[in-house]
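Colleague: The structure's right below; bear with me while I get my questions together.
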Amino acid sequence: MDYAASTPVDQAVLDIMKSAWQAAGNASSVQNLHGAQAKKKVEDAREKVAYSIGAKPEEIFFTSGATEANNIALLGISQYLKKSGKTHIVSSKTEHACVLGPLEKLKTQGFDMSYSELLPCGMADGPLVLKEITEKTGFVSLQAVNNETGVINPLFEVAEGISGKEILFHSDVTQALGKIPFNVKECGLHMASLSAHKVYGPQGVGALYIREDVQGYISPLLFGGGQEGQIRSGTLPVALIAGFGEACRLAVEEQAVEREKLECYNTLLRNLLDEAGIDYKINGHDYGADSRNWRVPGIMNIHFSGIENEWLLEAIDTVSFSTGSACSAQGDQLSHVLKAMGLDREGASQSVRISFGRFQQKMKSGRSRNLS
Ligand code: PMP
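The opening position of the sequence shown corresponds to residue 0 in numbering that gives the first Met the number 0, with each subsequent residue numbered one higher.
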């Protein structure tokens, strides 16, 4: 139950990757047959990735994952922003560490940041984000779905509010792909970051969508063979990319059915907790008739009153779940997301993230200690 951290590779994805790994060929060596075949696999995948988010294939740039995509989006655009005198960036405190990290770096290079206030449910609020915009704002970065709470942000509202203002709009859509219907054009995005291993694809590959008219503004972070339109040099990992493409195709195909299934798991877990008389509270959007539209069902952040999350993790060793994002969990710090939502130390240290997915197994009674 830790699908938000990483997902198992789908069998169809694995099959495609296996044959790609067994074929020789460098996608840049198009003058020979094997290279041309490798290039074809990459371009087929580019089409599938593009289709899954409503982009054009030529707007997709493969990277090593969403971390790199976010770094290119933020650091790669910074020279352009500086030259245009637009050195103010608006974001949110609940962003993933790989957005917050580059933002901190940009602060040391003369940029000013504003982190928009959140609603108590953990959602960014359109008007509150727009309130932070100044004459100097050149960039807004707001994730589509939070990886710790599953809360969905109102990208449309923000896009509408900044349209016509010469502000670039980026979103980390890593946790939205395959979970909600999503289209970069409808959301008014100039850039969007993606990762394969959250959608039953392999670890180590992702992509950055860059709208056609913005591509010229990006300075590369890596220099070398000039692959991916000079934006991301390095030999393309053909098998990983082919797998990512297939994972995106499946994500589109399965999305509606999968969402229903995950809603069932979400309800099932709540019912089990209610029946057992366990004292718990969901952190993040979870109320009101429209709550289904503002959270993904596969990610639940649950506060178990009086129980330290570290203890729970140790006690239940037959099920994988986590104390928060895999990245913040590494530093053994309290979740920056829960803190930004106003939880105190105690609340955050008594909360766990449970996330469901495609190959969810029914829990069997196992070796876990009696928790009552
Ligand atoms: N953004 C979000 C919202 C994520 O959940 C993750 C993965 N934890 C990342 C970025 C980083 O992705 P990757 O592992 O592909 O670098």
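Where is the CB? At the ideal position from N, CA and C, for every residue including glycine.
Which stretch, first to last residue, makes up the beta strand (DSSP E) that contains F243?
Modeller: Looking at the DSSP string, F243 is not in any beta strand (DSSP E); the run it does join, the alpha helix (DSSP H), is V237 to E274.
Colleague: Where does F355 fall in DSSP's three states?
Modeller: DSSP places F355 in coil when its eight states are reduced to three.
Colleague: Taking just the CA atoms, how far does V29 sit from Q36?
Modeller: One C-alpha to the other measures close to 8 Å.
Colleague: Rounded C-beta distance between A195 and A246? I'm assuming under 8 Å.
Modeller: Right, their Cβ atoms sit about 6 Å apart.
Colleague: What do you reckon, are the CB atoms on L141 and V128 nearer than 8 Å?
Modeller: In this structure, V128 lies closer than 8 Å to L141 by Cβ.
Colleague: State the DSSP-derived secondary structure class of D285, mapped to helix, strand or coil.
Modeller: In this structure, D285 counts as coil in the three-state DSSP scheme.
Colleague: Measure the beta-carbon distance from I161 to F60 and round it to whole angstroms, keeping in mind my assumption that it falls under 8 Å.
Modeller: So it is not a contact: roughly 23 Å between Cβ atoms.
Colleague: Assign S319 to buried or exposed, taking buried as 16 or more other Cβ atoms, counted over all protein chains shown, within 10 Å of its Cβ.
Modeller: Exposed, by the Cβ-count rule.
Colleague: Going by DSSP in three states, M122 sits in which element: helix, strand or coil?
Modeller: In the structure shown, M122 sits in coil (DSSP, three-state: anything other than H, G, I, E or B).
Colleague: Under a three-way DSSP split, which group does I209 fall into?
Modeller: Of the three classes helix, strand and coil, the one that applies to I209 here is strand, per DSSP.
Colleague: Within the same chain, show all residues whose beta-carbon is closer than 7 Å to that of S63, passing over the 5 residues directly before and after it, in chain order.
Modeller: Correct list, in chain order: G203, V204 and G205.
Colleague: Give a yes or no on whether the C-beta atoms belonging to A54 and C97 are separated by under 8 Å.
Modeller: No, the pair does not count as a contact, with Cβ atoms beyond the cut-off.
Colleague: Checking 8 Å against the spacing of the C-beta atoms, do S218 and G225 come in under that value?
Modeller: In this structure, G225 does not lie closer than 8 Å to S218 by Cβ.
Colleague: Is the segment 64-79 close to the segment 261-269, with three or more CB pairs under 8 Å?
Modeller: In short, these stretches do not touch, since the Cβ pair count stays below three.
Colleague: Starting from the Cα of E58, find the closest Cα among G228, L249 and R294 and give me that residue.
Modeller: If we check each option's Cα against that of E58, G228 comes out closest.
Colleague: In whole angstroms, give me the CA-to-CA distance for S91 and K17.
Modeller: Taking the straight line from one Cα to the other gives about 40 Å.
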